[in-house]
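Remarks on the structure that follows.
Protein chains: 2
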Amino acid sequence: QRKFVIIGLGEFGISVLKTLSDYHMEVLAIDNNPDKIQMVQTIATNAVVADATDENALKALGVGKYDIAVVAIGTNLETSVLISMLLKELGVEMVVAKAVTVLQQRVLQKIEVDKVVLPEVEGGKRLANSLLGPNILDSVEFSDKVKYIEFKTPPNFVGKTIGDLKIRNNYNLNIIGIKHSETDIEFLLQAETEIKPNDILMVIGKMEDVMKFQEKEK
Amino acid sequence: QRKFVIIGLGEFGISVLKTLSDYHMEVLAIDNNPDKIQMVQTIATNAVVADATDENALKALGVGKYDIAVVAIGTNLETSVLISMLLKELGVEMVVAKAVTVLQQRVLQKIEVDKVVLPEVEGGKRLANSLLGPNILDSVEFSDKVKYIEFKTPPNFVGKTIGDLKIRNNYNLNIIGIKHSETDIEFLLQAETEIKPNDILMVIGKMEDVMKFQEKEK
Ligand SMILES: Nc1ncnc2c1ncn2[C@@H]1O[C@H](COP(=O)(O)OP(=O)(O)OP(=O)(O)O)[C@@H](O)[C@H]1O
Ligand SMILES: Nc1ncnc2c1ncn2[C@@H]1O[C@H](COP(=O)(O)OP(=O)(O)OP(=O)(O)O)[C@@H](O)[C@H]1O
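If you read the sequences in order, they're chains A and B.
Residues 1 to 218 (my numbering) are what the first sequence spells out, left to right.
Residues 1001 to 1218 (my numbering) are what the second sequence spells out, left to right.
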């Protein structure tokens, strides 16, 4: 099982920590602020107050044996760069760093951080995508062209079956499931599956095809 | 077509603006910092320097006629709350606010902001989910229980067909597509579709079923 180390317990770092802990992963949390470490004592496998720019401190913690490190310090690029470089030198296989601006991202990529996350920029794209149609309730980008999108059933779909609607042929969209409610989600769709009035369609396809569909079926 | 107003041009606000503009949406950008407004002149439909806590300024801009407002100011809860309340009072149908902490989110929800986005917290969850398996390349949460996840084909799947593998029956997962490469993505999977060595499987299912699958097929 992989071992994780998270450096920096801001909102982002803590969120990564909580999610990994929910899945019972082994996580070492490092922060130079004792209050932060105090706050996560019951969540992290281990939580240590240390200055992560101090190579000796990192060595003493055996950080090199960890598989994945997340450097979750957004406000200080120099700190984030230093820590990322030390982690790589000490042998951590994969270093993920948080950045706030695209410029920071470029610097981190230059020092060969394996993955850079920009929560603000990515969150903005995601929100904008979810706001783009009158019926689009939630939309998520999972590749450059293809998106997962949910929307309310258009009125003229109600009572028809998946087979009748031929969504793929008519609209170039792939309906992957139907949400009858937040907790009642149907994925194994058959040709005879009938659409009901409050169903939410779970669709994947290119954004432009989704918008054409919305125009047509308003 | 819906009209958007974005207040606050930090990283998040600008990202929302750029994405909406990419889709040719009508967007009014407001910020009280002239440099920010200068920066987005060619991107936004309209960009105006104004203090968005000033009700008269908002009225003069006809903000009440906008369908969706995004209040993208994370560092100052009071400002964000004031602006959100003014927008609602002026008649904006949907107000989305950015928050940094869950506590801020609760305050904004109390004043009936329609949607609160926490890019740091959500980004942390998303990253952690994508790091959870040796082969999970990218994972995205699109409902509480169900996730979209991509991973490399396990070695013993190569050469088998979708029909052979019975992924749904054996693993309770729904394979919705195969990425042969970033640009060559196949969605219309048939029983005879054969898995190739570098294929990336695009799967939806509950995280615990994905992890069971990963254990089994390492
Ligand atoms: N040299 C360091 N060693 C260890 N921890 C550090 C160091 N420098 C900063 N930190 C810690 O990193 C955490 C996050 O720092 P910072 O506030 O810069 O990040 P942020 O990106 O703004 O956080 P958020 O995720 O909330 O946006 C803080 O808890 C801080 O104590
Ligand atoms: N009263 C106001 N009226 C208009 N714009 C404002 C007001 N107060 C702040 N702003 C603008 O909002 C923008 C974002 O503010 P702030 O830096 O607080 O947000 P942030 O959440 O930290 O941004 P980011 O999205 O980069 O994380 C800034 O450009 C600032 O000039």
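Don't be surprised by glycine CBs; every beta carbon is placed ideally from N, CA and C.
- Message: Can you look up residue 1167 (chain B) in the DSSP assignment and give me helix, strand or coil?
- Response: Helix at residue 1167 (chain B).
- Query: Between the segment 108 to 138 of chain A and chain B, which residues of the former have a C-beta closer than 9 Å to a C-beta of the latter?
  - Reply: From the segment 108 to 138 of chain A, only 115, 117, 118, 119, 120, 121, 122, 123, 124, 125, 126, 127, 128, 129, 130, 131, 132, 133, 134, 138 have a Cβ closer than 9 Å to chain B.
- Does the beta-carbon of residue 91 (chain A) have 16 or more other beta-carbons within 10 angstroms, so that it is buried, or is it exposed? Looking at its Cβ environment, which holds fewer than 16 other Cβ atoms inside 10 Å, residue 91 (chain A) is exposed.
- Task: Report the neighbours of residue 1011 (chain B) on chain A: residues whose CB is nearer than 8 Å to its CB, in chain order.
- Result: Within 8 Å Cβ-Cβ: 100, 101, 118, 120, 121, 124.
- Task: Can you say whether residue 1102 (chain B) is buried or exposed, counting buried as having 16 or more other CB atoms within 10 angstroms of its CB?
- Result: With fewer than 16 other Cβ atoms inside 10 Å of its own Cβ, residue 1102 (chain B) counts as exposed.
- Task: Find the nearest neighbour of residue 190 (chain A) within the set A:197, A:165, A:7, judged by alpha-carbon distance.
- Result: Scanning A:197, A:165, A:7 for the CA closest to the CA of residue 190 (chain A) turns up A:165.
- Just to check, is the beta-carbon of residue 12 (chain A) closer than 7 Å to a non-hydrogen atom of ligand 1? At least one heavy atom of ligand 1 is nearer than 7 Å to the Cβ of residue 12 (chain A), so yes.
- Below 8 Å between beta carbons: does that hold for residue 1027 (chain B) and residue 1052 (chain B)? The criterion of a C-beta distance shorter than 8 Å is not satisfied by residue 1027 (chain B) and residue 1052 (chain B).
- Item | Other residues of its chain near residue 112 (chain A): CB distance less than 8 Å, five sequence neighbours each side excluded | Within the same chain, 88 come within 8 Å of residue 112 (chain A) by CB-CB distance, once the 5 residues on both sides are set aside.
- Item | Within chain B, the residues that residue 23 (chain A) reaches when beta carbons sit closer than 7 Å | Residue 23 (chain A) reaches chain B at 1132, counting residues in chain order whose Cβ is nearer than 7 Å.
- Listed by chain order, chain A residues near residue 1020 (chain B) by CB distance under 7 Å: At a beta-carbon threshold of 7 Å, the residues of chain A lying near residue 1020 (chain B) are 128, ordered along the chain.
- Cβ neighbour criterion (16 or more within 10 Å) applied to residue 205 (chain A): Residue 205 (chain A) is buried by the Cβ-count criterion.
- Task: Tell me, to the nearest whole angstrom, how far the beta carbon of residue 1081 (chain B) is from that of residue 1116 (chain B); I am working on the premise that it is less than 8 Å.
- Result: Not really, about 11 Å apart at Cβ, beyond 8 Å.
- Query: What number of angstroms, rounded off, separates the C-alpha of residue 1004 (chain B) from the C-alpha of residue 1065 (chain B)?
  - Reply: Their backbone Cα atoms lie some 10 Å apart in a straight line.
- Message: Which residues in chain B have a C-beta closer than 8 Å to the C-beta of residue 204 (chain A)? List them in chain order.
- Response: Scanning chain B for C-beta atoms nearer than 8 Å to the C-beta of residue 204 (chain A) yields 1176, 1177, 1187, reported in chain order.
- Query: Applying the criterion that 16 or more other CB atoms from any shown protein chain within 10 Å of the CB defines a buried residue, is residue 1041 (chain B) buried or exposed?
  - Reply: Exposed, since its Cβ has fewer than 16 Cβ neighbours within 10 Å.
- Query: Thinking C-beta only, is residue 1187 (chain B) closer than 8 Å to residue 33 (chain A)?
  - Reply: No. Outside cutoff.
- Message: Quick check on this structure: which residue in A:67, A:97, A:200 has the alpha carbon closest to the alpha carbon of residue 78 (chain A)?
- Response: Among A:67, A:97, A:200, the Cα nearest to that of residue 78 (chain A) belongs to A:97.
- Which residues in the same chain as residue 194 (chain A) place their Cβ atom closer than 6 Å to its Cβ, once the five residues preceding and following it in sequence are excluded? For residue 194 (chain A), the CB contacts under 6 Å within the same chain, skipping 5 residues up- and downstream, are 161 in chain order.
- Item | Counted within 10 angstroms of its Cβ, other Cβ atoms place residue 62 (chain A) as buried (16 or more) or exposed | That one is exposed.
- Message: Let's see if you can read the secondary structure: which residues bound the alpha helix (DSSP H) around residue 1129 (chain B)?
- Response: Residue 1129 (chain B) -> alpha helix (DSSP H) spans 1119 to 1131.
- Task: Would you verify that the beta carbon of residue 83 (chain A) is, or is not, closer than 8 Å to some beta carbon of chain B?
- Result: Not an interface residue.
- Task: Kindly indicate if chain B contains any beta-carbon less than 8 Å away from that of residue 5 (chain A).
- Result: At least 8 Å separates the CB of residue 5 (chain A) from every CB of chain B.
- Query: Using a C-beta to C-beta distance shorter than 7 Å, which residues of chain A count as neighbours of residue 1092 (chain B)?
  - Reply: Against chain A, the beta carbon of residue 1092 (chain B) has no neighbour under 7 Å; the closest one sits roughly 13 Å away.
- Residue range of the beta strand (DSSP E) that includes residue 94 (chain A): Run containing residue 94 (chain A): 94 to 98, per the beta strand (DSSP E) assignment.
- Burial state of residue 177 (chain A), where buried means 16 or more other Cβ atoms lie within 10 Å: Only buried fits residue 177 (chain A), as 16 or more other CB atoms lie within 10 angstroms of its CB.
- Message: Closer than 7 Å to a non-hydrogen atom of ligand 1 - does that hold for the CB of residue 122 (chain A)?
- Response: Taking 7 Å as the cut-off, the C-beta of residue 122 (chain A) does not count as close to any heavy atom of ligand 1.
- What residues from chain D crowd round residue 1016 (chain B), counting only those whose CB sits closer than 7 Å? Protein chains in the displayed structure are A and B, and chain D is not among them.
- Message: Could you check whether residue 1067 (chain B) and residue 1002 (chain B) sit closer than 8 Å to each other, using their CB atoms as the reference points?
- Response: The criterion of a C-beta distance shorter than 8 Å is satisfied by residue 1002 (chain B) and residue 1067 (chain B).
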